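These protein sequence lines are chains C, S, G and V, in that order.
The numbering used here puts the first sequence at residues 9 to 439.
The numbering used here puts the second sequence at residues 9 to 439.
The numbering used here puts the third sequence at residues 9 to 439.
The numbering used here puts the fourth sequence at residues 9 to 439.
I have placed the structure first, in the form of structure tokens, so that the comments after it can refer back to it.
Number of protein chains: 4
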Amino acid sequence: MIDMKISRLGECECWSPLKLNNTLEASADFGFVPETAMVMHDSEVNSGVKSSGLLFEKAGPREKIFFKPAETRAAIVTCGGLCPGLNTVIRSVFLCLYHIYGVRTVYGIRYGYQGLNPEIGEPPILLNPDMVDRIHQEGGTILGSSRGNQPISAMVDFLVKNNINILFTVGGDGTQRGAHLIAKEAEKRRLSISVVGIPKTIDNDIMYIKKTFGFATAVDRAHSVIRCAHTEAKSYSNGIGLVKLMGRDSGFIAAFATIVSQDVNFTIIPEIPLVLEGEKGLLETLMRRILNRKHAVIAVAEGAGQNLFAGRKQKDVSGNVLHNDIGTFLKERIAEYFRERKIPINLKYIDPSYIIRSVPTNSEDCFLCDQYARNATHAAMAGKTDMIVGYWNDFMHLPMTHATHQRQQVDPNGFLWHGVISSTGQPSRWK
Amino acid sequence: MIDMKISRLGECECWSPLKLNNTLEASADFGFVPETAMVMHDSEVNSGVKSSGLLFEKAGPREKIFFKPAETRAAIVTCGGLCPGLNTVIRSVFLCLYHIYGVRTVYGIRYGYQGLNPEIGEPPILLNPDMVDRIHQEGGTILGSSRGNQPISAMVDFLVKNNINILFTVGGDGTQRGAHLIAKEAEKRRLSISVVGIPKTIDNDIMYIKKTFGFATAVDRAHSVIRCAHTEAKSYSNGIGLVKLMGRDSGFIAAFATIVSQDVNFTIIPEIPLVLEGEKGLLETLMRRILNRKHAVIAVAEGAGQNLFAGRKQKDVSGNVLHNDIGTFLKERIAEYFRERKIPINLKYIDPSYIIRSVPTNSEDCFLCDQYARNATHAAMAGKTDMIVGYWNDFMHLPMTHATHQRQQVDPNGFLWHGVISSTGQPSRWK
Amino acid sequence: MIDMKISRLGECECWSPLKLNNTLEASADFGFVPETAMVMHDSEVNSGVKSSGLLFEKAGPREKIFFKPAETRAAIVTCGGLCPGLNTVIRSVFLCLYHIYGVRTVYGIRYGYQGLNPEIGEPPILLNPDMVDRIHQEGGTILGSSRGNQPISAMVDFLVKNNINILFTVGGDGTQRGAHLIAKEAEKRRLSISVVGIPKTIDNDIMYIKKTFGFATAVDRAHSVIRCAHTEAKSYSNGIGLVKLMGRDSGFIAAFATIVSQDVNFTIIPEIPLVLEGEKGLLETLMRRILNRKHAVIAVAEGAGQNLFAGRKQKDVSGNVLHNDIGTFLKERIAEYFRERKIPINLKYIDPSYIIRSVPTNSEDCFLCDQYARNATHAAMAGKTDMIVGYWNDFMHLPMTHATHQRQQVDPNGFLWHGVISSTGQPSRWK
Amino acid sequence: MIDMKISRLGECECWSPLKLNNTLEASADFGFVPETAMVMHDSEVNSGVKSSGLLFEKAGPREKIFFKPAETRAAIVTCGGLCPGLNTVIRSVFLCLYHIYGVRTVYGIRYGYQGLNPEIGEPPILLNPDMVDRIHQEGGTILGSSRGNQPISAMVDFLVKNNINILFTVGGDGTQRGAHLIAKEAEKRRLSISVVGIPKTIDNDIMYIKKTFGFATAVDRAHSVIRCAHTEAKSYSNGIGLVKLMGRDSGFIAAFATIVSQDVNFTIIPEIPLVLEGEKGLLETLMRRILNRKHAVIAVAEGAGQNLFAGRKQKDVSGNVLHNDIGTFLKERIAEYFRERKIPINLKYIDPSYIIRSVPTNSEDCFLCDQYARNATHAAMAGKTDMIVGYWNDFMHLPMTHATHQRQQVDPNGFLWHGVISSTGQPSRWK
């Protein structure tokens with residue numbers, strides 16, 4: 009068994025205020041999680057698949073904590089692109105710190121990591137219960153966001169100067185890589201600062217995490233958009249609805265939305281190399297369907313088909329590889345293909361990115377955000393650091409470095425992809 | 009008073025079956041509309057505005073009708089771009105013909121006017137109650153649509169060959185111009201074919217018609233998209249949300265959606281010439297807002313700002329002027345403007361056209377579709393032709409030529425535009 | 009022609025600040041409405057219906073106003089049951105006073121008329137732009153509401169004591185009767201206090217007003233509930249879905265929701281006396297449908313079928329007649345009827361009142377609320393009093409006494425009821 | 009380790025058609041699940057909780073199957089109360105049988121078990137792809153449902169007479185108890201009939217199953233209703249919103265909806281005995297909140313507080329204990345309590361059962377339904393019987409008897425209940 013160790017700032021010598029809470033009679037009532045509790049990665053046996061042997065530290069409230077609530081000063085920062093649920097996470101972290109632990113100083117950092125760099129950022133705001141009261145019903149982030157990191161040293165200076173001993177970093181890969189460096193720098197300076205990440209990826213592509221917040225909402229919305237594309241396609245002769253969905257390296261949104269909608273005929277994801285030409289390529293397969301059924305719906309993840317583009321890749325300020333635009337590429341290539349064959353088509357291309365990212369959460373995600381936020385707070389109060397909160401069979405802790413070194417992807421031999429091809433009827437692989 | 013005469017195929021000598029309907033006791037119960045009844049265009053007096061003196065023929069069931077139901081064969085065709093409510097119109101026309109008048113042969117023409125031209129079109133389908141049962145809950149059109157007209161003579165031949173004596177044309181300007189030519193050709197050939205149009209314009213821009221179906225749903229959806237743009241804009245420093253809405257010649261969708269959302273700061277419509285440069289131009293006004301409030305939302309109708317483009321205009325197959333793309337133009341011009349001034353911005357551009365056009369109707373439009381459809385059916389059964397059904401203070405009849413020769417536009421001095429500038433705080437005119 | 013005179017506190021000698029507004033260049037730009045402008049009630053001619061000859065004063069901004077903005081102190085009160093749009097009305101009245109006229113003191117009265125009676129009410133709150141910023145997206149009323157009137161004299165004392173010269177009363181019949189008495193008492197005391205009502209009736213039953221806010225949203229929601237009832241009914245053998253909708257004296261919600269849903273088989277409204285027994289009564293007609301089609305959906309307005317109850321009526325604190333509960337009565341009577349005939353049925357009864365009343369507005373109503381609010385503000389600033397704002401062909405002013413002395417009802421011979429019976433297939437009258 | 013054995017009709021000697029499917033190149037591509045594969049119940053170690061040692065048979069397609077597709081005749085029956093997703097389950101079972109396995113005869117049994125009893129039921133319908141095409145977008149069940157069982161012998165006779173060798177039973181506890189008896193009777197008669205259950209419980213209360221379909225949608229809708237109750241409560245002085253939610257024996261809907269809405273102040277579930285009187289009872293706690301905050305929202309599961317009712321329990325036709333109505337009981341008791349103390353309150357009671365049960369699924373449930381249905385089909389084709397499909401860490405098989413002998417309940421010491429009390433601030437237990 010491989011036990012994924014989580015860093016801790018020191019011994020927990022302070023009784024959790026939950027134990028003394030007058031609404032709870034005894035610690036047993038609260039179900040404190042012992043430090044030894046672990047969550048297994050593998051729940052399958054005798055299936056012929058080699059076990060990973062991974063064990064994750066179980067998340068949850070600890071009976072004894074590291075930080076004394078009265079002396080604790082926390083800060084929350086939201087980074088990167090929008091994802092449904094940011095406000096719910098901010099709210100539940102704040103409320104758990106404030107009402108459950110009694111922490112009175114919780115800062116909201118403005119506009120991502122920029123707000124941790126006084127040279128270019130705006131000063132933080134001191135949060136209070138009124139400010140966060142209704143924000144879980146709104147999309148976006150009341151703190152603001154930005155892309156990219158800031159100088160690590162400047163950010164740690166900021167934390168020191170403001171006596172902040174807990175930093176919650178809500179963001180994706182790039183953000184958590186930055187958070188890891190902040191934690192390392194704090195350790196180097198022998199500062200008792202806990203850095204706890206809450207993973208934000210609308211693509212649901214973080215390794216070892218089954219479900220990140222915002223993903224369920226994104227699938228919901230992607231489904232609505234696919235329904236529009238299907239209506240457009242069916243309402244015209246040889247109508248083709250082409251929808252570009254999010255998914256830089258992983259096709260989870262496209263795959264789930266396909267199964268939910270049951271209206272997609274071709275789902276194109278980064279995990280399955282795309283072949284356009286040839287009898288079993290996309291174009292000829294599409295033409296056969298159009299001639300046969302007179303309409304088709306295509307859902308393509310933004311990171312799919314990159315094998316078709318020659319040349320070097322560029323990176324954005326967060327360090328993400330910048331993809332070539334498969335959506336417009338396909339739109340043009342398909343149009344050209346049918347034009348050459350003198351088959352009139354009606355192609356409608358939809359790129360709904362912002363109207364998916366900016367909406368409030370659905371119920372599923374609202375619940376998930378609340379749990380992520382509370383578990384992150386419990387972890388931070390117990391002095392855990394350089395870690396993110398995750399969910400795999402149960403909520404657990406994951407070292408930051410493990411979460412960011414690799415992407416989770418759709419298994420082309422797994423139930424999800426089979427659900428997709430059962431619904432679409434497309435070939436399981438392009439040839 | 010100017011009385012807008014409606015053409016009629018001949019005398020109505022057949023008692024309406026409604027009169028004899030066993031659920032109705034007497035004609036008084038049904039409120040038949042006398043042929044003489046008119047609806048006034050102007051309902052305002054003493055306001056200093058010159059009265060138009062226009063009188064429209066009132067729509068509604070007639071006590072005596074022209075077509076004998078048992079001998080009547082009707083057809084419905086839907087043309088042009090999608091608009092919420094097409095299926096509801098198809099359904100209510102069919103049900104009114106079938107259940108209220110007892111007409112048993114109602115064809116659905118496939119893919120717009122193409123289906124009236126046997127050379128290129130598919131054969132019509134014979135509608136029945138099961139086919140239309142649930143279609144009012146779906147977007148699009150079960151009949152299919154296409155853009156552009158077909159040879160008038162071929163289409164009239166088709167009607168003759170299939171013994172069709174009523175044709176319902178559901179479509180916009182171009183469609184109704186085609187319908188008028190069909191009616192004229194039928195008249196020339198001395199055929200008793202009634203051609204009744206049901207106006208379809210998501211832009212709500214048909215002259216003398218206050219409210220067309222699909223418009224309310226479009227405003228609803230535009231509102232949702234603006235909310236997304238607002239969330240994106242507020243969540244980033246100097247965030248700008250730019251939404252391109254439908255509105256080729258008239259800014260009704262942009263204006264209503266602005267008032268509904270209360271989140272737009274600049275509404276740009278075709279009726280108000282756009283000025284970009286100068287102290288009171290859009291760019292400088294926008295910059296002042298960004299510097300002051302750090303975010304802005306812009307809603308631009310697709311036909312706005314055409315004064316900024318030099319050169320000749322092209323037309324599409326339906327005869328509509330093809331506009332230059334004001335959306336991407338503004339996106340680039342704004343980015344350039346701020347780049348030159350070294351002010352970093354976060355601009356998100358959203359073009360939601362298809363996801364607005366393809367949705368099912370909201371309740372408002374569902375009701376409207378039902379009324380348009382039933383009134384069109386009453387008109388056709390009474391032998392009216394070369395007309396469309398409209399709504400102005402009440403449902404009424406409008407000669408096709410009057411509906412298509414001019415667009416309805418937002419009055420820059422009226423309550424609607426004042427509602428917009430009250431909500432946005434923008435200048436009433438660009439200078 | 010009958011001109012409905014509106015009371016005015018005195019001459020308007022102050023130029024409207026709109027005229028001087030720096031975003032507007034000239035008064036022509038704003039389209040001020042002259043005092044002489046009137047809106048005709050009748051827009052139909054030669055239909056055999058006798059003209060009412062009614063003329064309403066046209067609403068809108070006046071070039072000269074009565075109250076000097078700097079000295080004006082306004083108050084808003086919301087009364088009675090919830091209706092979608094109350095917050096939007098509060099917001100737009102406030103913003104129009106604050107931004108358009110420059111009035112700085114606007115009170116929100118707490119919990120209806122109770123807040124105007126210091127003996128039992130809570131003190132008012134001083135509104136500001138931040139408070140109302142997002143409230144149009146929320147149902148309910150941020151001011152709170154209550155039922156019933158308070159002593160007129162105490163309420164006028166309160167206005168005097170707080171130097172309030174404009175009172176906006178948002179409420180139904182009972183509320184506006186109270187508002188009329190406040191206006192009369194103020195007149196008696198020679199106080200220059202303007203009392204302007206904004207009609208609130210989810211039933212849309214105010215005389216001379218075509219469309220009140222909240223109604224469209226209520227129809228939307230009623231439609232959703234009917235869809236549930238239809239699903240329940242179709243999913244069981246002899247399933248009957250019975251939905252009680254709002255509509256104390258008028259069946260508008262039931263009628264519109266029927267036409268929108270197209271799923272109702274029996275619509276029962278107060279305007280058509282209900283007959284249960286006999287061959288053409290509801291029960292036997294229902295039984296025939298159940299035997300024939302195995303399911304049925306019934307929508308009943310809460311005020312329908314009162315002819316079936318013997319005995320005296322009681323009134324609630326607002327003076328509304330308390331109806332006997334037709335919903336549970338029908339539920340029991342239908343169950344009994346089929347039990348006696350040994351026909352097993354599956355009856356599901358749904359009473360959705362609160363989940364309709366408490367939701368935010370749809371786009372339609374959001375627009376309407378904004379217009380009602382702004383026109384009420386223009387009227388009040390022009391010194392109009394003892395009136396409500398209405399909509400009939402255009403926004404207009406209506407003397408309070410005219411609005412409350414009679415209810416608007418569904419015309420059993422009009423297009424609306426015919427739309428209903430065309431959709432349901434039910435008899436036009438019960439016998 | 010305790011291995012939960014699943015009954016199988018015999019050896020699987022037929023190659024799965026999936027292996028030969030021309031869209032799949034090799035069995036590896038399809039990820040067939042070996043018969044030996046098991047899913048562990050416990051994924052937690054070292055937490056002080058004794059391990060159950062349970063192992064479930066893993067669900068999924070088998071490389072070799074029992075039934076020859078060409079000879080297979082299947083039937084689907086839906087029983088009991090409505091639950092979002094029934095149509096999606098029907099559709100995916102049918103499509104998996106039809107398209108993936110090539111089974112051509114699939115019956116839909118009408119109105120639950122009644123349709124398996126020719127004495128009282130209607131004949132089954134033969135399903136085809138057109139029939140099920142859009143049904144996943146509709147609530148209810150196109151097959152119809154009914155409550156209660158029918159004589160086991162008659163139902164098995166029906167299967168024999170119609171040569172049906174697979175029966176899918178979609179229903180709750182009572183349904184699956186009936187299905188178990190059918191499987192036993194078939195075994196006794198030495199018939200090769202597979203009976204596979206798909207668990208339907210909107211309450212999510214089936215033992216060993218983490219998530220049943222329809223639950224997520226129910227939480228979504230319950231959330232909407234709670235929002236209405238909150239609006240009503242906040243809009244009146246001493247407003248109390250009381251919502252009765254589903255949950256006969258388990259408070260999962262109430263608990264999840266509480267966490268999602270963040271607006272509930274008191275969540276009352278069957279797992280925590282309710283105490284009304286005394287300083288730490290509901291009534292006094294509620295009064296303190298009302299006096300302090302002037303409004304409160306209460307969510308009560310229908311099966312909660314049964315400890316307050318004396319006397320014997322009755323059962324319905326499905327064998328479920330009939331509960332006393334805690335909703336109306338609380339409504340009256342609360343009203344009485346405040347009346348006695350002369351504190352005026354505004355209590356609104358909402359019972360939304362049917363408008364939750366009858367809606368279409370949200371995306372989450374749509375996906376779940378598809379997976380449940382496909383895994384049930386794979387199990388049946390492999391000759392499994394007397395089992396239901398479940399989900400616990402992964403999709404798995406569960407003997408029918410194990411699923412029905414005990415309910416899953418909210419753990420009063422677990423993270424879910426702590427999430428509730430963290431959100432509501434209520435006592436963890438009533439005293």
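Yeah, the Cβ is synthetic: ideal placement off N, Cα and C, and Gly gets one too.
None of the values given here were measured: they were computed from a predicted structure.
Shorter than 8 Å from the beta carbon of S51 (chain G) to some beta carbon of chain S?
-> For S51 (chain G), the answer is yes, since a Cβ of chain S falls inside 8 Å of its Cβ.
Report whether the distance from the Cβ of A224 (chain S) to the nearest heavy atom of the ligand HEM is below 7 Å.
-> What this structure holds is no ligand at all, so the ligand HEM is not there to describe.
Relative to chain V, which residues along the region 358-369 of chain G have a C-beta separation below 7 Å, given in chain order?
-> Residues I358, P360, Y362, I363, S366, V367.
Under a Cβ-count criterion, where at least 16 other Cβ atoms within 10 Å of its own Cβ denotes burial, should I400 (chain C) be classed as buried or exposed?
-> Before going further, note that residue 400 (chain C) is Trp rather than Ile in the sequence given. With 16 or more neighbouring CB atoms inside 10 Å of its own CB, W400 (chain C) falls in the buried class.
Between the beta-carbon of Q158 (chain S) and the beta-carbon of Y119 (chain S), is there less than 8 Å?
-> No, Cβ-Cβ distance for Q158 (chain S) and Y119 (chain S) is not below 8 Å.
Under 7 Å (Cβ pairs) to chain C, residues found in the region 238-264 of chain S = The region 238-264 of chain S vs chain C, Cβ under 7 Å: T239, E240, K242, S243, Y244, S245.
Closer than 8 Å to chain G by CB, C236 (chain V) | At least one beta carbon of chain G lies nearer than 8 Å to the beta carbon of C236 (chain V).
Taking only beta carbons into account, state which residues of the region 80-91 of chain C come closer than 7 Å to chain S, listed in chain order.
-> Residues L90.
Close Cβ partners of Y216 (chain C) (< 8 Å) along its chain, the five nearest in sequence each way excluded | Same-chain partners within the cutoff: H49, L62, F64, G398, W400, L406, H410, A411, Q416.
What three-state label does DSSP hand Y357 (chain V) in the structure shown?
-> The answer is strand: DSSP assigns Y357 (chain V) an E or B state.
Any C-beta of chain V sitting closer than 8 Å to the C-beta of T149 (chain G)?
-> A Cβ of chain V is located within less than 8 Å of the beta carbon of T149 (chain G).
Indicate the three-state DSSP secondary structure (helix, strand or coil) for Y216 (chain G) in the structure shown.
-> Y216 (chain G) falls in the coil class under three-state DSSP.
At a CB-CB cut-off below 8 Å, which residues of chain V make contact with Y121 (chain G)?
-> Those within 8 Å of Y121 (chain G) in chain V number zero; the least Cβ separation is about 12 Å.
Are the CB atoms of G1 (chain S) and G93 (chain S) nearer to each other than 8 Å?
-> The structure shown does not extend to residue 1 (chain S), since chain S is modelled only from 9 to 439, so the question has no answer here.
Check A230 (chain C) in the structure and name its three-state DSSP category.
-> It is helical.
Taking Cβ positions only, does Q184 (chain G) come closer than 8 Å to chain S?
-> No, no contact with chain S.
Meets three-Cβ-pair contact criterion under 8 Å: the region 119-139 of chain G and the region 255-263 of chain G | Cβ pair count under 8 Å is below three, so no.
Bridge partner(s) assigned by DSSP for S153 (chain C) = Under DSSP, S153 (chain C) forms a beta bridge with S:Y244.
Can you tell me the Cβ-Cβ gap for R70 (chain C) and F40 (chain C), rounded? I've got them flagged as a contact below 8 Å.
-> Confirmed, Cβ separation roughly 6 Å.
Classification of W425 (chain C) by the beta-carbon crowding that lies within 10 angstroms, buried from 16 upward = With 16 or more other Cβ atoms inside 10 Å of its own Cβ, W425 (chain C) counts as buried.
Return the Cβ separation of S258 (chain C) and V418 (chain C) in integer angstroms, given the expectation that the two are a contact with Cβ distance under 8 Å.
-> The pair is a contact, with the Cβ atoms about 6 Å apart (cut-off 8 Å).
For K356 (chain S), which residues in chain C fall below 7 Å Cβ to Cβ?
-> Among the residues of chain C, those whose CB is under 7 Å from the CB of K356 (chain S) are Y362, following chain order.
Kindly list, in the order they appear in chain V, the residues whose Cβ is closer than 8 Å to that of K441 (chain C).
-> The question about residue 441 (chain C) has no answer, for chain C in this structure spans 9 to 439.
H331 (chain C) by DSSP, collapsed to three states: which one?
-> In this structure, H331 (chain C) counts as coil in the three-state DSSP scheme.
Can you give the Cα-Cα distance for W23 (chain G) and F75 (chain G), rounded to whole angstroms?
-> Computed Cα separation, rounded: 10 Å.
By Cβ distance below 7 Å, which residues in the same chain neighbour S366 (chain G) in space, the five residues on each side in sequence not counted?
-> So the qualifying residues of the chain are L90, G147, G148.
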